[in-house]
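Residue numbers (numbering that gives the first Met the number 0), protein chains in the order written: chain A, 0 to 561; chain B, 0 to 349; chain C, 0 to 337. Note that the Cβ used here is the ideal one computed from N, Cα and C, for glycine as well. Here the structure is laid out as structure tokens; the discussion comes afterwards.
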Amino acid sequence: MDRDNPAVSAYTIGLRLGWYGLLAVPLLFLLVFYFYPLASILWVSLAPDGQPDLSSFGRLILSPYYRETLWFTLWQAVLSTALTIGLALPGAYVFTRYRFPGKRLLMALTALPFVLPTVVVAAAFSALVGSNGIINNALERLFSLETVPIQLERTLALILIVHVFYNYTLALRMITGYWANQNTRIEEAARVLGSHGWRLWWEIRLPALRPVLLAAALLVFIFTFTSFGVILILGGVRFATLEVEIYRQTVNYVNGLPMAAALSLVQIVIMGAALIVYTRLQRRVVVDLQSAESVARQPRTRGEKAFVTATLVVIVVMLFTPLLALVIRSFTGTEGFTTEYYTALGQNSRNSVLFVPPSTAIRNSLLFALVTTALSVFLGFIAAYLLTRRARWLDPIFMLPLATSAVTLGFGLFIALDSPPLNLRRSPLLVVIAHTLVALPFVVRSVVPALRSVPAPLREAAATLGAPPWKVWLWVDLPLISRGLVVGATFAFTVSMGEFGASTFVARPDTPTIPIVIFRLLGQPGAVNYGQGIALSVLLMAVCAVSFVLIERIRTAGVGEF
Amino acid sequence: MTKPFPLLLLIVLCLAPVPLRAQEDTLTVVTYDSFAISEEVQDAFEEQSGVILEILRLADVGVMVNQAILSKDNPLGDVLYGIDNTFLSRALNEDLFVPYGAEGLADIPEEFQLDPEFRVTPVTYGDVCLNYDVNYFEENDLPLPESLEALTMPDYEGLLVVQNPATSSPGLAFLLTTIAVFGEEGDYTYLDYWRDLIANDVLIVEGWTEAYYTHFSAPGRDSGDRPLVVSYASSPPVEIYFADPAPETAPTGAIVADNTCFRQIESAGILQGTDNLEAAQQFMDFLLSVTFQEDLPLQMYVFPVNPAAELPDLFVEYAAVPEVAVTLPYEDIEANRERWIQEWTETILR
Amino acid sequence: MLTVEQLHHAFDRQPVLRGINLSIDEGEIVCLLGPSGCGKTTLLRIIAGLEKPISGDVKLNGSSIVPVPVHQRDFGLMFQDFALFPHLNVAQNVAFGLRMKPLSSAEQRQRVQEVLKLVELEGYERRSVTEISGGEKQRVALARSLCPRPRLLMLDEPLGSLDAALRQRLILDLKQIIKSVGLTAIYVTHDQQEAYTIADRIALMNAGQIEQIDAPASLYHRPHTRFAAQFLGLENIVEMQAWRSSQFNERYTPPDHAGQAKAVLLHPAGLTLAEKDTPGTLPVIVVSHMFQGRFYTIEVEIEGLRLRLDPPSSRNSVPHVGEEVGLRIQPEAVLWLD
């Protein structure tokens with residue numbers, strides 16, 4: 000027989016080793032590009048002279064200022080989470096139970112806020128509700144007011160609104176995905192037994208949704224706990240989360256690194272715990288891909304129609320009016336309608352080396368995004384395989400980069416990867432790596448549920464037909480989860496397009512991306528510069544919107560855990 | 000069937016170590032993100048020296064200095080450009096730079112020469128000053144505030160927007176101005192002054208962009224309702240530079256009264272460990288040359304330290320330079336900055 | 000050809016196989032029959048290589064195959080729900096196993112055609128497997144397993160999800176196809192009718208052990224254990240104690256080899272009813288009767304024992320409930336159970 004032939008068995012051993020090697024790649028990636036840099040920066044910060052100095056932890060615990068920061072971080076996250084879930088629940092109900100025109104398009108576009116950089120979102124909100132924003136101006140004109148009627152800037156209310164704006168799509172997608180696959184017989188049985196109205200919600204629906212509600216809440220909590228730009232730019236100076244404080248410590252105080260490291264560690268520990276719970280919960284929210292049979296129908300009674308309309312209006316107003324305000328603003332000059340900002344984007348009026356034509360920024364962004372997508376899909380697919388088949392406990396670890404301060408990570412990458420063979424400090428690859436670290440959790444979360452829903456007998460059938468594990472993976476798993484992969488890839492792409500955190504803290508030769516150019520434009524005096532920043536934000540938004548509409552055409556309802 | 004091999008190939012290619020471009024003929028300048036020079040000026044240097052200029056950008060000055068310190072044993076580049084007097088002390092203490100007396104340094108006024116050991120070379124200066132909305136003050140027939148004290152008067156209640164010193168460079172400069180003027184001890188300290196500012200409804204925001212675009216009332220149509228903002232003495236000419244069509248009169252102005260502006264001096268230095276010392280020295284010389292110095296105002300909105308450099312008409316006409324600008328010894332700034340910001344934060348924000 | 004020796008297996012310390020011994024000859028169809036949870040599917044998965052046993056051995060032609068990974072065993076396995084690849088069409092599904100072999104695409108195509116012809120699915124090549132009927136799926140799954148010419152074909156409840164009428168027809172087709180190819184096969188089912196139809200021998204399993212291995216007719220007519228009898232629906236079991244004190248004991252003395260017997264089965268196939276007081280019969284009272292189509296189920300009572308028998312239905316009248324009749328027991332219908 001073949002397998003007794005030594006040459007053949009050496010070949011099989013080689014194949015098997017290659018296979019295990021491949022499985023180790025994502026772990027290695029995390030080890031080299033996440034844990035090693037993180038450990039380096041923490042070590043350098045906490046042990047500047049080679050001796051660990053933990054006094055910053057003492058200051059952290061003793062100072063009321065840091066305790067208050069932690070407390071604020073916590074309760075604003077809890078409040079944001081409660082609001083997001085509370086608002087997403089009726090939305091998810093409407094998306095699960097009713098059909099209406101434009102449903103898929105609307106679902107696709109709800110993801111738009113999630114990937115926009117904070118500078119853009121801040122500009123959008125000030126264009127809408129700022130003291131000279133569209134709403135206030137309209138109200139002032141309407142009622143000839145002297146004072147600004149809506150004062151939202153630098154209030155907790157605005158922080159909460161923007162957190163809902165950012166995270167709504169996560170909650171909506173997770174809950175809808177789960178709900179659409181729930182057996183409606185249970186609810187029908189309850190109805191036959193006389194349950195209706197609030198009792199139906201309280202006794203049947205909410206308990207059935209509990210796992211997904213908890214998972215969604217935890218995810219939103221994680222995102223709002225680590226909120227950075229929203230707090231920094233929109234919250235104003237009175238508010239600081241851990242992440243903002245880490246940034247302030249690192250950027251402003253040349254002696255702030257030990258405290259920044261201590262704060263980073265605290266954040267990582269808290270988020271790590273949250274992620275462990277989250278990934279556990281997530282496992283219970285398995286969606287059966289094969290039986291996604293739609294229970295959605297047209298709203299019939301007047302009450303139903305009113306409910307559906309009202310819910311959709313809330314969603315549209317909440318998510319899209321700020322973006323619309325941004326678009327309007329980009330076309331509004333000193334004398335009304337203008338396209339000057341868009342045309343100015345292409346002109347190097349100062350003949351400066353700082354000038355970046357939008358085509359270059361878009362090209363850079365696209366290039367980074369494509370490489371990031373390829374890399375994170377490749378790694379994410381292997382990681383998802385690892386997580387579903389071999390080592391479930393690794394799951395929270397792959398999510399950890401999401402919960403790590405961008406400043407800490409950027410500095411870590413900078414000091415860790417500074418010598419051959421990994422001297423990447425000046426390489427644009429470092430940007431790709433930073434983007435991939437952030438994009439990887441999204442790919443993993445999109446692919447894992449798809450992989451979990453591939454029935455085991457399919458793999459066993461392939462194996463009995465003679466397929467070795469890697470062929471099973473390539474010929475059975477891969478095509479079956481291709482939709483999950485496409486969703487993950489799109490997330491990776493847009494996350495990379497909008498990323499403005501870790502990548503700004505790594506040194507780079509001049510390869511500015513769209514968010515960086517936006518940031519530069521907004522950082523200079525002159526109305527035209529500001530207008531250009533807004534116009535470029537609108538272009539970025541358009542690129543993301545197109546990608547989202549494209550994936551919505553391929554994805555099945557509810558694929559993806561996000 | 001899916002073909003993963005092109006993808007794999009791509010990944011392998013991407014992960015392959017990129018050859019470092021540390022050739023003799025490249026000079027790497029590490030700087031902040033908004034560093035800008037004209038293409039002709041860059042070409043002129045490259046032609047004259049025969050080296051290619053590579054500009055490596057970091058997010059901002061604080062990030063740049065911190066990263067330069069963290070990487071001092073294995074420096075990122077040959078020259079560090081853009082370190083200002085608020086960050087200078089730490090950089091000097093960490094022994095980041097190779098001393099070099101650049102050609103033309105002798106002609107630079109004494110006040111800009113921060114380091115007697117020539118470890119850093121001053122290149123630009125700029126003043127952080129109050130900017131005002133010309134229209135507002137004309138229409139309301141209000142005199143301009145000519146001192147910091149004036150800002151606590153009822154006339155100016157609710158008119159000023161400033162930046163958080165913890166996160167903004169002009170914000171820090173303004174805080175330092177108040178510290179220099181009012182001091183930390185005595186009957187009326189800088190914190191007392193800030194309490195009065197708060198009582199007079201000053202608005203504190205996180206950064207320059209929000210203050211200038213969102214809350215300052217003059218530029219553009221999307222502006223806010225506060226006619227006074229902490230910005231730069233160079234902001235008014237820049238405002239006109241970017242206006243299209245150019246306005247007949249300046250919409251904004253800078254207040255350059257004595258003891259109201261803080262002077263920021265930006266320096267550059269040759270990084271320890273450079274393997275391109277000669278080119279680095281050439282570049283330092285070039286920074287002080289008239290060619291480079293005259294390019295500064297319209298690229299980075301700062302003033303040249305070289306008195307021989309002519310200012311562009313726009314600056315001559317619209318930019319004012321304070322006679323007596325406030326400054327603090329950089330050693331003091333470094334030694335106290337964290338404490339000052341902390342005190343300010345705890346007193347004013349909480 | 001295939002032997003299983005002293006096989007033990009457990010899940011979470013819960014034993015599922017307890018010392019299985021089994022040997023299968025070339026060209027034979029052996030059926031693993033038993034209730035759910037008896038370990039039959041686990042045994043099949045161990046033979047297939049999908050599970051590694053805790054102890055014991057599986058040998059193919061004398062050499063152990065336990066260390067051989069599943070994809071190198073050249074076995075075919077048909078799954079309960081067929082496990083067709085939803086992303087591939089009929090021909091691609093069938094060709095899947097061939098693509099693991101060094102065959103030219105022309106050879107592959109030819110072989111797929113051959114097998115599709117065998118299962119009478121010519122013309123279905125490009126159909127999607129999600130759009131064909133249950134019976135067609137079953138045949139695609141069979142074709143897929145047969146296509147790479149496996150050394151052993153295993154079928155795990157391959158008709159489980161189909162309706163009864165379809166099952167009856169397909170099981171005959173299945174047997175005919177397997178026999179025509181001359182394959183050795185292991186067939187797992189919980190349905191005794193299926194087992195009778197397809198198997199050369201049936202291994203009846205219970206709680207991780209094989210209770211009895213026999214040809215279908217022998218198994219049905221001579222179950223050795225109480226479990227076997229009950230599982231096959233033979234319920235006229237009289238406890239030894241009750242038997243000893245009854246009038247049966249005098250007529251049918253246990254043979255020597257039944258010394259350990261714990262109960263006696265009165266096989267319904269050997270029970271008939273006669274007029275009351277017919278010589279050679281025992282007097283019984285009819286307790287219930289039910290019309291079942293081709294036969295009746297009649298329950299009679301004697302000395303407090305209830306016995307069931309299934310006489311063929313005919314137009315003749317049947318005794319009514321409460322009537323006294325005579326019960327005739329053929330000697331070979333008295334079986335001593337362990």
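Beta-carbon proximity check, residue i vs residue j, cutoff 7 Å
{"i": "ILE107/B", "j": "VAL304/B", "result": "yes"}
{"i": "ALA324/A", "j": "LEU127/A", "result": "yes"}
{"i": "ASN205/C", "j": "CYS30/C", "result": "no"}
{"i": "VAL78/B", "j": "PHE282/B", "result": "yes"}
{"i": "ARG307/C", "j": "GLU238/C", "result": "no"}
{"i": "ALA268/C", "j": "ILE236/C", "result": "no"}
{"i": "THR41/C", "j": "VAL15/C", "result": "yes"}
{"i": "PRO427/A", "j": "ALA82/C", "result": "no"}
{"i": "VAL575/A", "j": "ALA343/A", "result": "Past the boundaries of the shown model lies residue 575/A; chain A is included only from 0 to 561, so the question cannot be answered."}
Interface flag, residue i vs chain A, CB-CB below 7 Å
{"i": "GLY96/C", "result": "yes"}
{"i": "PHE247/C", "result": "no"}
{"i": "GLU205/B", "result": "yes"}
{"i": "SER266/B", "result": "no"}
{"i": "LEU158/C", "result": "no"}
{"i": "ALA82/C", "result": "yes"}
{"i": "GLN271/B", "result": "no"}
{"i": "PHE241/B", "result": "yes"}
{"i": "SER37/B", "result": "yes"}
Cβ of residue i within 7 Å of any chain B Cβ
{"i": "TYR529/A", "result": "yes"}
{"i": "ARG96/A", "result": "no"}
{"i": "SER546/A", "result": "no"}
{"i": "ASN562/A", "result": "There is simply no residue 562/A to check, as chain A begins at 0 and stops at 561 in what is shown."}
{"i": "LEU385/A", "result": "no"}
{"i": "PHE413/A", "result": "yes"}
{"i": "ARG237/A", "result": "yes"}
Short CB-CB distance (under 7 Å) between residue i and chain C
{"i": "PRO478/A", "result": "yes"}
{"i": "PRO448/A", "result": "no"}
{"i": "LEU473/A", "result": "no"}
Close Cβ partners of residue i (< 8 Å) along its chain, the five nearest in sequence each way excluded
{"i": "VAL571/A", "result": "No answer is possible for residue 571/A: the residues shown for chain A start at 0 and end at 561."}
{"i": "PHE173/B", "result": "VAL127, VAL161, GLN162, PRO164, VAL229, PHE261"}
Buried versus exposed, by CB contacts within 10 Å (16 or more), residue i
{"i": "GLN259/C", "result": "exposed"}
{"i": "PRO101/C", "result": "exposed"}
{"i": "ALA449/A", "result": "buried"}
{"i": "VAL50/B", "result": "buried"}
{"i": "TYR92/A", "result": "buried"}
{"i": "ALA383/A", "result": "buried"}
{"i": "MET540/A", "result": "buried"}
{"i": "PRO63/A", "result": "exposed"}
Three-state class that DSSP yields for residue i in the structure shown
{"i": "LYS58/C", "result": "strand"}
{"i": "ARG458/A", "result": "helix"}
{"i": "THR273/B", "result": "coil"}
{"i": "ASP132/B", "result": "strand"}
{"i": "ASN180/A", "result": "coil"}
{"i": "ASN135/A", "result": "helix"}
{"i": "PRO427/A", "result": "coil"}
Other residues of its chain near residue i: CB distance less than 6 Å, five sequence neighbours each side excluded
{"i": "THR168/A", "result": "THR109, ALA110, PHE113"}
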